[in-house]
Structures are given as structure tokens and as C-alpha cells.
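A.B. asks:
2 protein chains.
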Amino acid sequence: MKQIKRTKIADALKSTDFGSEINIKGWVRTRRGNKNVSFVALNDGSTINNLQIVIENAKFGDEFLKPITTGACINVNGVLVQSQGREQSVEVQAVEIEIYGTADPATYPLQKKGHSLEFLREIAHLRPRTNTFGAVFRIRHHMSYAIHNYFHERGFYYFHTPIITASDAEGAGAMFEVTTLDLTNVPKKEDGTVDYSQDFFGRQTNLTVSGQLEGELGAMSLGAIYTFGPTFRAENSNTPRHLAEFWMIEPEVAFNDITDNMDLAEDFLKYLIRYALENCKEDIDFLAKMYDNELLDRLQFVLNNKFVRLTYTEGIDILEKSGHKFEYPVHWGTDLQAEHERYLVEKHFKCPVILTDYPKEIKSFYMKQNDDGKTVRAMDVLFPKIGEIIGGSEREADYDKLMKRVQELGMSTEPIWWYLESRKFGTAPHSGFGLGFERLMLFVTGMTNIRDVIPFPRTPNNADF
Amino acid sequence: MKQIKRTKIADALKSTDFGSEINIKGWVRTRRGNKNVSFVALNDGSTINNLQIVIENAKFGDEFLKPITTGACINVNGVLVQSQGREQSVEVQAVEIEIYGTADPATYPLQKKGHSLEFLREIAHLRPRTNTFGAVFRIRHHMSYAIHNYFHERGFYYFHTPIITASDAEGAGAMFEVTTLDLTNVPKKEDGTVDYSQDFFGRQTNLTVSGQLEGELGAMSLGAIYTFGPTFRAENSNTPRHLAEFWMIEPEVAFNDITDNMDLAEDFLKYLIRYALENCKEDIDFLAKMYDNELLDRLQFVLNNKFVRLTYTEGIDILEKSGHKFEYPVHWGTDLQAEHERYLVEKHFKCPVILTDYPKEIKSFYMKQNDDGKTVRAMDVLFPKIGEIIGGSEREADYDKLMKRVQELGMSTEPIWWYLESRKFGTAPHSGFGLGFERLMLFVTGMTNIRDVIPFPRTPNNADF
Numbered sequence: 004m005k006q007i008k009r010t011k012i013a014d015a016l017k018s019t020d021f022g023s024e025i026n027i028k029g030w031v032r033t034r035r036g037n038k039n040v041s042f043v044a045l046n047d048g049s050t051i052n053n054l055q056i057v058i059e060n061a062k063f064g065d066e067f068l069k070p071i072t073t074g075a076c077i078n079v080n081g082v083l084v085q086s087q088g089r090e091q092s093v094e095v096q097a098v099e100i101e102i103y104g105t106a107d108p109a110t111y112p113l114q115k116k117g118h119s120l121e122f123l124r125e126i127a128h129l130r131p132r133t134n135t136f137g138a139v140f141r142i143r144h145h146m147s148y149a150i151h152n153y154f155h156e157r158g159f160y161y162f163h164t165p166i167i168t169a170s171d172a173e174g175a176g177a178m179f180e181v182t183t184l185d186l187t188n189v190p191k192k193e194d195g196t197v198d199y200s201q202d203f204f205g206r207q208t209n210l211t212v213s214g215q216l217e218g219e220l221g222a223m224s225l226g227a228i229y230t231f232g233p234t235f236r237a238e239n240s241n242t243p244r245h246l247a248e249f250w251m252i253e254p255e256v257a258f259n260d261i262t263d264n265m266d267l268a269e270d271f272l273k274y275l276i277r278y279a280l281e282n283c284k285e286d287i288d289f290l291a292k293m294y295d296n297e298l299l300d301r302l303q304f305v306l307n308n309k310f311v312r313l314t315y316t317e318g319i320d321i322l323e324k325s326g327h328k329f330e331y332p333v334h335w336g337t338d339l340q341a342e343h344e345r346y347l348v349e350k351h352f353k354c355p356v357i358l359t360d361y362p363k364e365i366k367s368f369y370m371k372q373n374d375d376g377k378t379v380r381a382m383d384v385l386f387p388k389i390g391e392i393i394g395g396s397e398r399e400a401d402y403d404k405l406m407k408r409v410q411e412l413g414m415s416t417e418p419i420w421w422y423l424e425s426r427k428f429g430t431a432p433h434s435g436f437g438l439g440f441e442r443l444m445l446f447v448t449g450m451t452n453i454r455d456v457i458p459f460p461r462t463p464n465n466a467d468f
Numbered sequence: 004m005k006q007i008k009r010t011k012i013a014d015a016l017k018s019t020d021f022g023s024e025i026n027i028k029g030w031v032r033t034r035r036g037n038k039n040v041s042f043v044a045l046n047d048g049s050t051i052n053n054l055q056i057v058i059e060n061a062k063f064g065d066e067f068l069k070p071i072t073t074g075a076c077i078n079v080n081g082v083l084v085q086s087q088g089r090e091q092s093v094e095v096q097a098v099e100i101e102i103y104g105t106a107d108p109a110t111y112p113l114q115k116k117g118h119s120l121e122f123l124r125e126i127a128h129l130r131p132r133t134n135t136f137g138a139v140f141r142i143r144h145h146m147s148y149a150i151h152n153y154f155h156e157r158g159f160y161y162f163h164t165p166i167i168t169a170s171d172a173e174g175a176g177a178m179f180e181v182t183t184l185d186l187t188n189v190p191k192k193e194d195g196t197v198d199y200s201q202d203f204f205g206r207q208t209n210l211t212v213s214g215q216l217e218g219e220l221g222a223m224s225l226g227a228i229y230t231f232g233p234t235f236r237a238e239n240s241n242t243p244r245h246l247a248e249f250w251m252i253e254p255e256v257a258f259n260d261i262t263d264n265m266d267l268a269e270d271f272l273k274y275l276i277r278y279a280l281e282n283c284k285e286d287i288d289f290l291a292k293m294y295d296n297e298l299l300d301r302l303q304f305v306l307n308n309k310f311v312r313l314t315y316t317e318g319i320d321i322l323e324k325s326g327h328k329f330e331y332p333v334h335w336g337t338d339l340q341a342e343h344e345r346y347l348v349e350k351h352f353k354c355p356v357i358l359t360d361y362p363k364e365i366k367s368f369y370m371k372q373n374d375d376g377k378t379v380r381a382m383d384v385l386f387p388k389i390g391e392i393i394g395g396s397e398r399e400a401d402y403d404k405l406m407k408r409v410q411e412l413g414m415s416t417e418p419i420w421w422y423l424e425s426r427k428f429g430t431a432p433h434s435g436f437g438l439g440f441e442r443l444m445l446f447v448t449g450m451t452n453i454r455d456v457i458p459f460p461r462t463p464n465n466a467d468f
């Protein structure tokens with residue numbers, strides 16, 4: 004075949020260089036036609052749109068063309084021409100074709116007909132070749148990029164907090180243990196407990212549930228940092244909202260108080276949604292059409308409304324007086340369920356909501372204690388459909404108050420001696436929050452199962468691929 | 004105190020708005036002066052440079068000023084003035100001061116005197132407050148950002164491959180096991196082996212050693228992807244070159260052959276080094292001055308030289324004929340040691356080198372087999388001082404050849420059924436490589452111990468913080 008530099012389909016579709024030679028490579032989505040001519044819809048992942056390849060059957064011979072079926076990969080030299088059809092602006096008339104790889108129609112699972120999302124999860128190695136998952140994973144890229152851009156432009160440093168950790172101080176959930184011990188023959192001490200001195204790190208270690216505690220150390224030196232990495236929960240929750248392995252973004256900023264923190268969270272979320280609308284329009288339009296016709300309205304709803312800010316106490320008051328029947332009863336001191344959060348956002352305020360000043364008993368030890376002795380300077384950002392999308396707080400900067408809380412909760416200070424020292428030496432007010440990346444992805448794509456917004460989901464009894 | 008919007012020190016130092024009110028917050032690096040006036044060098048992490056705060060002692064009183072010692076955190080309202088001293092262009096005359104946090108000189112470990120890097124590793128929670136680690140972690144941020152930019156601008160998608168995996172097919176090294184089993188009482192099957200059906204994922208799982216295999220699935224659908232995430236090795240190696248947890252970047256591109264792959268690697272590395280020189284000048288200059296006066300030359304050396312490309316066989320020939328005495332003997336079939344790689348780069352070619360076509364026995368099963376039956380289309384990029392900085396290959400796209408190699412090596416096909424299917428359905432030529440992020444960081448910063456380029460290193464017997 005003649006050597007011609009490859010053009011990506013996304014670029015070819017925008018080209019007006021009609022009559023020029025072009026090389027296109029990609030995977031066959033469909034092939035149709037008649038005795039004389041074949042029309043191949045080719046996709047190379049660069050865009051959701053296919054490029055039509057027009058093939059004169061006689062030129063290549065039926066035998067040669069036979070393996071060009073759905074899923075096959077081909078390399079085409081041809082001529083770019085203006086399309087006669089209405090659906091596409093350009094097409095390519097094939098001059099030379101090389102077949103890179105076939106896909107036997109008897110065994111290739113992705114035939115033309117639609118597939119259930121459940122079925123596609125079982126073939127996660129092939130599902131990025133579908134329109135739906137091509138769109139989702141392109142959006143996932145753009146959202147990741149937007150996150151890095153947002154923080155970089157504002158002088159935050161990307162700070163890599165550890166994945167393997169010996170501190171379980173967050174208390175955020177069940178953890179996976181990390182070990183090199185031989186599980187068929189675990190070494191024990193005389194009292195029958197595991198002898199972790201023989202383990203790789205000489206102590207018990209786990210997969211992190213949050214990079215926040217280490218992130219705070221970054222903020223207390225570099226000023227403003229963010230993390231963006233995998234986090235883990237070993238909860239046996241088989242729901243559309245839970246993953247055992249998920250990605251989290253956690254900014255942490257020295258000298259920010261809770262109001263600065265709320266401003267940052269609101270500005271950040273609006274930036275991301277605006278970025279998605281401006282940079283992922285075709286993919287979002289496709290997902291809206293296929294799965295969720297209210298998707299664009301919901302994105303605009305967040306963009307166009309100022310987030311309402313009120314305290315947890317005020318929120319509880321509204322819920323109690325609402326007369327609405329909730330599945331879970333609600334009163335001061337209870338943790339809010341998604342139904343309560345969504346009621347405030349969707350029914351009462353018709354705005355995104357930021358709730359602050361939660362009871363200290365339902366929040367973590369590190370949050371700044373208010374003078375009332377009952378509440379802490381926490382903030383949760385609540386979205387339509389999703390409920391909580393961001394959780395954060397101003398942190399307790401006072402060493403004595405922090406130590407008192409640690410002791411009240413009966414926590415061991417040994418695993419967090421370094422965290423406590425950050426309050427002992429040059430402490431400062433600071434705040435931060437966590438955004439679950441897949442929660443954001445659910446909101447932006449309109450998908451309803453969290454397993455459909457990450458390439459290879461990890462859930463109970465599922466670590467395939 | 005009067006409410007004035009905070010100015011970062013990086014911005015204040017560039018300001019010429021003399022006479023204006025300004026608010027500065029940061030950590031005290033040093034305090035010197037005399038009976039009448041104190042000079043505080045303040046740093047807030049936004050730059051390696053300190054801002055001088057000038058304090059009239061009488062205005063505040065000695066008792067108030069006493070706790071303003073190295074490590075303390077203060078909040079200053081003042082007036083920006085042109086500096087009288089030679090070292091700084093601007094300084095701030097303090098009007099109001101709030102002390103956020105003290106740092107008792109009797110216990111604060113970071114006093115003015117220099118500290119060894121070994122000592123600073125033991126206080127990794129505080130070392131980002133030093134000039135050295137501030138510089139290193141700012142550079143780390145800029146390199147991360149440059150990596151995302153490079154790929155984004157070229158149409159690659161950031162693809163999140165899983166951290167917890169059941170496939171150990173890479174064979175790249177010892178692995179950490181991930182489990183929720185109770186190690187004091189591991190459930191066993193009748194034959195005495197561990198009953199993993201009771202584990203979280205219903206099977207044995209590990210921390211990934213590479214995202215490549217899953218990354219290839221991304222490339223075979225989205226066209227061009229890259230990973231950038233943590234990877235793990237459970238090797239008991241206590242050396243300045245090994246971490247148990249490190250970050251890796253792995254681009255993978257459909258339709259790229261080995262030459263495209265070499266072009267990408269060379270262009271990518273030069274982009275990153277150029278980016279560092281253009282965006283991290285002050286921090287690199289500091290590290291060069293303190294640790295490595297050849298650092299800038301070495302960076303320019305890579306930028307200004309075309310990478311020499313030759314085969315492994317040619318490289319071995321040069322080494323054998325060199326007459327140089329190597330610690331490890333070298334002949335065709337041996338894996339190259341850093342001393343051999345550095346000889347080719349530093350002594351023989353005086354250029355960065357890309358070696359290709361290694362013996363198949365010393366490379367992974369997935370590499371494209373050459374027609375000679377002996378070598379595979381591997382490529383390693385070799386740098387001065389570092390040795391191998393990138394390893395990659397064109398991948399074996401032919402299902403039958405790949406299966407034959409898997410069987411020759413006695414590998415189980417069960418854990419990689421999905422990988423094999425990527426060659427069964429619409430296979431295509433494709434290539435990729437891996438860049439160890441901390442290797443790059445060593446090269447760019449001139450640091451010599453890999454524990455000094457990641458915030459919280461994980462090594463045998465060390466998982467603190």
C-alpha cells in the first residue's frame with residue numbers, strides 16, 4: 004500500500020480538502036450496501052461520529068471484502084469527497100484497503116443490535132468500542148483534564164499522597180489490607196495475633212480511603228495543593244452508587260476558611276460543567292438522547308443558579324416542617340440520606356445547596372469545632388439527582404482542641420503523630436474538600452450506574468480485567 | 004485586624020504597586036535584626052523566594068514578637084515598599100500582625116541550620132517546608148501538568164486502568180496482595196490452600212505492576228490513550244533507585260509501529276525537559292546550585308541531541324569491543340545494567356540512546372516478535388546518569404503468535420482471556436511505553452535518591468505518614 008500519513012476521523016470530518024488523498028484507519032461499526040457498492044461506517048475513537056468509506060465491490064472482489072464486518076479493523080487509502088448523503092458531510096472513496104484484523108460475526112459479541120449495559124459490563128474489554136462508552140470515556144478524559152487545568156491556573160500544586168498507608172485515622176470506611184505475608188501460613192506472635200514485623204512494611208498497612216490528612220501537610224507548606232488519585236473502600240455494598248476502587252479529587256488550602264472553601268467548591272463545579280458543555284458537546288448530546296433527556300437541563304440548572312447556603316440545623320428544620328413522607332425519618336442529629344438532600348435541592352430550593360455546620364457526632368475528628376460545642380464547620384454540596392457531590396470542612400487548626408477530640412473518640416495518636424504535629428508547628432487556618440470523580444461523572448454523563456463511568460469497575464466479587 | 008485580600012508571595016515579589024496596603028500570610032523561615040527592627044523572611048510555598056517583612060519592634064513590643072521564630076505561621080497587614088537591600092526587590096513594612104501558629108524552637112526540628120536529606124526523610128511531614136523539597140514538589144507538579152498537557156494536545160485520552168487486579172500476567176515483579184480476609188484466621192480449603200472465594204473479590208487480587216494490558220484495550224477502541232497512576236512492586240530492594248509505590252505514565256497508541264513509538268518517546272521527553280526549563284527555572288537553579296552543578300548541562304544535553312537509535316545487538320557489539328572493564332560482564336543475551344547503558348550514552352555516543360530489538364528471552368510475552376525468531380520489537384530509552392528512563396515496544400498484534408508465546412512461557416491464559424481477545428477481534432498494530440515518573444523527577448531535579456522526589460516514599464519497613 005502507498006504510504007500516506009494517517010488522518011484521524013475527527014479531523015477528516017472537519018476537512019474540506021476534497022479530492023485529496025487520505026489515509027484512514029479504524030474499526031468497522033457497520034457495513035451495508037448492495038451488489039455494486041459497500042458503505043462502511045468506520046470509527047477510530049477520536050470522535051463519536053463515524054466516517055463513511057465507500058467501496059466499489061468490483062474493484063476489490065467479494066472474497067477480499069467478505070471479512071470486512073462489524074468489529075474488523077481496516078486501513079484505507081482513498082480520496083476525500085463531499086458526501087451525497089445527508090447524515091455526513093464528507094466520505095472517503097476507497098482506493099486501497101488493508102485488513103488489519105477480522106472479527107468473526109459468529110463470535111464477536113458487539114454486533115449491530117443494541118446491548119444492555121449489564122451485558123456490556125461483562126465485556127468491559129470491548130465496551131469502549133461502543134458509542135456509549137466511547138462517549139463516557141472521552142468525557143472522563145476531558146473532566147480529568149479540566150480538573151488539572153482548574154487547579155494549575157489558580158496556583159495549586161498536584162500533590163501525590165500515598166496509596167499504601169498505615170493510618171486508618173479517617174475512619175471513613177472499611178479498608179483493604181495490603182500484605183506480602185504468605186496467607187497459607189501467616190506468622191503469628193505468641194498471643195496469637197499476626198506478626199506484622201515480618202510483613203513488607205514491618206507493620207499492618209491498608210489501601211488509603213482518602214489523601215486528605217497527607218494533603219493537609221502539603222497545604223501547610225506549599226500553600227494550596229490538590230490530590231487526584233485512587234481511593235478504596237472495602238464495604239460489601241452492591242449498589243449502583245458504590246465502587247471498591249474510585250478516584251477522588253481533594254484540594255486543600257492554607258488560610259482558607261469555610262466561606263472560601265464554599266466559594267472554591269461552587270466555582271470549581273461550575274467550571275467543570277461549563278468545560279464539559281463546551282468541550283464534550285457531541286458526546287453529551289448523544290448520551291442525553293440515548294439515556295437521559297433531562298441531562299442538559301440539569302447541567303444548565305447547576306450552571307445558572309447560585310448555590311443556596313444554609314446550616315444543617317436550618318435544613319433539618321425545613322425537612323421536618325415539609326410534611327413530606329421520607330423513607331428514613333429525619334431529625335437533628337441524623338445523617339442525611341440522599342432523599343433528604345434531593346428534597347432540599349429539587350423540591351424546596353430548586354437550586355444546588357451547600358449545607359454547613361453539621362453535628363460533630365456525624366462528622367470526622369479533624370473538622371473545626373464551632374463555639375456552640377455541638378457542631379463542626381463541615382460543608383456538603385448537594386446536587387439534583389446525585390445528592391452529596393462534595394464533602395469538606397474547615398479543619399481544626401488548634402492543637403489542644405484537636406487532641407481533645409481525638410481523645411474523646413478514643414483514637415490512637417500513634418498512627419497520626421505527624422498529623423498532630425502539623426498543628427504544633429506553625430499551624431494555620433485551612434480548609435478543603437473531596438469530590439468523588441465518579442459521582443461527578445454520573446452527573447455529567449447522565450449514566451445511572453457508577454460501574455458505567457469507570458473503565459474497569461471493582462465491586463464485590465468482581466476484579467476481572 | 005483589617006480585612007485585606009491575601010496576596011501570594013510569588014505575586015507580591017513581582018508587584019510594583021509600592022505604597023499600597025497588602026496582606027501576606029506565610030511561615031517564618033528566619034528572623035534576624037537588632038533592638039529596633041526585625042527582619043522576617045516569610046515563605047508561603049508559592050515560590051522558593053522569601054518576602055522580607057520589616058517589623059519595628061517598638062510598634063508591637065518584644066513580648067508579642069517573641070514567638071515569631073523559625074517555623075511560626077503569621078498573618079501580616081503592611082505596606083509594600085521598594086527594598087533597600089540587594090537581595091530582594093520588594094519588602095513589606097508590617098502594620099498589623101497576627102500569629103496563627105508558633106513553633107517552639109526547643110522542639111521544632113527545622114531550625115535554620117542545614118539538615119541532611121536522610122534526616123529530612125524522617126520528618127517527611129515537615130520537609131516540604133524546606134527550600135529543597137518545596138522546589139522538588141513544585142517541579143513535580145509542573146512535570147505532572149506538562150504530561151497531561153502533552154497528551155491532551157495530541158488527542159490522547161487519559162484512561163484510568165485498575166489498581167486492584169487479578170492478573171499477574173505482566174510478570175514484571177513481586178506483588179502486594181490485597182485482601183479483606185482475617186489474617187489471624189485465614190479460611191482454607193480442604194487441600195490447605197487459601198479459600199479466596201471468601202475474599203472481597205472472590206479471588207486472589209494484587210496491586211497492579213502496570214496498567215499496560217488494560218491500556219491496550221483503551222488504545223484498541225479510543226485510538227490513543229495514556230495512563231498516569233500509581234504502580235507497585237513488592238521487591239525487598241533497599242536502594243536509592245527503588246520504591247514499593249511509584250507513579251507511572253504509559254501511553255498506548257493504535258496504529259503506531261516501533262518507529263512511531265520511538266518518535267513519540269523522544270518528542271515527549273524533550274517536551275517535558277523544555278517545559279521544566281521554561282516553567283521551573285528558579286527551583287531548578289536552586290537545586291543545581293545546592294546539589295548538582297551539572298544539572299543544567301545534562302538537561303540541555305538531552306534537549307539538544309537527537310537520540311541515537313541502534314539495535315541491542317549493535318549495542319552489545321560496541322560494549323564488547325570497548326575494552327572497558329564492566330562490573331557485570333556483557334554478551335548477547337544478557338540484560339543490560341545501568342553501567343552498560345551509561346557507557347553507551349556518556350562515553351560512546353555522547354547522546355541519549357534508544358536501543359531496540361532485544362532478545363525475546365529478556366523481554367515480556369506481549370512484545371512483537373521479529374522474523375528472526377530471536378528478538379522482539381522492544382525499545383529502551385537510555386539517559387545519562389539514569390540509564391533506562393523509558394521501556395516500551397510494539398505489541399504482538401497477531402493472535403496466533405501471541406498465543407504461541409504465552410504457551411511457550413507456560414503462562415495461564417485464564418487471567419488474560421480479555422487481553423487475548425483484543426487480538427481476536429479487530430486486532431491492529433499498536434505500540435506503547437512506560438515512563439517511571441520518579442525516574443523522570445530524578446533526572447529533572449538532579450536529586451540522587453528516589454525517596455527525595457515523592458512526598459511520602461514507601462520502601463521496605465517504611466510506611467509512615
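Residue numbers (the working numbering), protein chains in the order written: chain A, 4 to 468; chain B, 4 to 468. Just so you know, even glycine gets a beta-carbon here, dropped at the ideal spot from N, CA and C.
Within 10 Å of its beta-carbon, does Tyr2(A) have 16 or more other beta-carbons around it, so buried, or fewer, so exposed?
C.D. replies: What the structure shows of chain A is the stretch from 4 to 468, and residue 2(A) is not part of that stretch, so it cannot be assessed.
A.B. asks: Could you give the first and the last residue of the continuous beta strand (DSSP E) run that contains Ala381(B)?
C.D. replies: Thr378 to Phe386
A.B. asks: How is Thr110(A) classed by DSSP in three states: helix, strand or coil?
C.D. replies: coil
A.B. asks: Three or more beta-carbon pairs under 8 Å between the stretch 394-412 of chain B and the stretch 431-444 of chain B, yes or no?
C.D. replies: yes
A.B. asks: Is the stretch 201-221 of chain B close to the stretch 176-192 of chain B, with three or more CB pairs under 8 Å?
C.D. replies: With three or more CB-CB distances shorter than 8 Å, the stretch 201-221 of chain B counts as touching the stretch 176-192 of chain B.
A.B. asks: To be precise: take each residue of the stretch 78-105 of chain B, compare its Cβ to all Cβ atoms of chain A, and keep it if any distance is under 7 Å. Which residues remain?
C.D. replies: Tyr103 and Gly104
A.B. asks: Please report the distance separating the alpha-carbon of Leu385(B) from that of Met265(B).
C.D. replies: Answer to the nearest angstrom: the Cα atoms are 12 Å apart.
A.B. asks: With distance defined between alpha-carbon atoms, name the residue in Asn53(A), Gln85(A), Leu45(A) and Arg32(A) nearest to Ser23(A).
C.D. replies: Gln85(A)
A.B. asks: Using the beta-carbon of each residue, which ones in chain B are nearer than 8 Å to Val181(A)?
C.D. replies: Phe179, Glu180, Val181 and Leu210
A.B. asks: Quick check on His433(A): does DSSP put it in helix, strand or coil?
C.D. replies: strand
A.B. asks: With three or more C-beta pairs closer than 8 Å as the rule, is the stretch 442-449 of chain B touching the stretch 126-146 of chain B?
C.D. replies: yes
A.B. asks: Quick one: residues in its chain with C-beta nearer than 8 Å to the C-beta of His351(A), no 5 flanking neighbours on either side, listed in chain order?
C.D. replies: So the list reads Ile321 and Ser325, once near-sequence residues are dropped.
A.B. asks: Which residues mark the beginning and the end of the alpha helix (DSSP H) in which Glu344(B) is found?
C.D. replies: Ala341 to Arg345
A.B. asks: What is the DSSP secondary structure of Leu299(A), counted as helix, strand or coil?
C.D. replies: helix
A.B. asks: Name, going along the chain, the residues of the stretch 439-458 of chain A whose beta-carbon falls closer than 9 Å to a beta-carbon of chain B.
C.D. replies: Phe440, Ile457 and Pro458
A.B. asks: Is it right to say Trp30(A) is buried, meaning 16 or more other beta carbons lie within 10 angstroms of its own, or is it exposed?
C.D. replies: buried
A.B. asks: For the stretch 303-359 of chain A, list the alpha helix (DSSP H) runs that are entirely contained and at least 4 residues long, ordered along the chain.
C.D. replies: 315-324 and 341-345
A.B. asks: Measuring only from the beta carbon, is Gly137(B) closer than 7 Å to any heavy atom that is part of the ligand SAM?
C.D. replies: Among the components of this structure there are no ligands whatsoever, and the ligand SAM is therefore not found.
A.B. asks: Roughly how many angstroms separate the alpha carbons of Asn80(A) and Asn134(A), rounded to a whole number?
C.D. replies: 25 Å
A.B. asks: So, Met223(A) versus Ser425(A), is the Cβ gap smaller than 8 Å?
C.D. replies: yes
A.B. asks: Output the boundary residues of the alpha helix (DSSP H) element that contains Ser41(A).
C.D. replies: Where Ser41(A) is concerned, there is no enclosing alpha helix (DSSP H), although the beta strand (DSSP E) it sits in stretches over Val40 to Asn46.
A.B. asks: Report yes if the C-beta distance between Tyr148(B) and His151(A) is below 8 Å; otherwise report no.
C.D. replies: yes
A.B. asks: Are Ala15(B) and Leu113(B) closer than 8 Å when you measure CB to CB?
C.D. replies: no
A.B. asks: Please return the same chain residues whose Cβ sits closer than 8 Å to the Cβ of Pro1(A), not counting the five positions on each side in sequence.
C.D. replies: Residue 1(A) cannot be examined here, being either before or after the span of chain A that is shown, 4 to 468.
A.B. asks: Would the beta-carbon of Arg236(B) fall within 8 Å of that of Ala466(A)?
C.D. replies: no
A.B. asks: If we count the other Cβ atoms within 10 Å of its Cβ and call it buried at 16 or more, is Met370(B) buried or exposed?
C.D. replies: buried
A.B. asks: Given this structure, state the Cα-to-Cα distance separating Arg244(B) from Ile453(B), to the nearest angstrom.
C.D. replies: 6 Å
A.B. asks: What residues from chain A crowd round His343(B), counting only those whose CB sits closer than 7 Å?
C.D. replies: Going along chain A, no residue has its Cβ under 7 Å from His343(B), so there is no contact; the nearest lies around 30 Å.
A.B. asks: Pop quiz: Val348(A) and Pro387(A) are said to be a contact at Cβ under 8 Å. What is the actual Cβ separation, rounded to whole angstroms?
C.D. replies: 5 Å
A.B. asks: Given 8 Å as the limit, is there contact between the stretch 94-108 of chain A and the stretch 60-75 of chain A, that is, 3 or more CB pairs closer than that?
C.D. replies: yes
A.B. asks: So which of His343(A), Lys363(A) and Leu358(A) has the shortest CA-CA distance to Gly336(A)?
C.D. replies: Lys363(A)
A.B. asks: Counting only runs of 4+ residues fully inside the stretch 238-282 of chain A, write out the alpha helix (DSSP H) ranges in chain order.
C.D. replies: 261-282
A.B. asks: If you measure between the beta carbons of Val256(B) and Thr234(B), is that distance less than 8 Å?
C.D. replies: no
A.B. asks: Ala61(A) CB to nearest chain B CB: under 8 Å?
C.D. replies: Chain B has no Cβ within less than 8 Å of the Cβ of Ala61(A).
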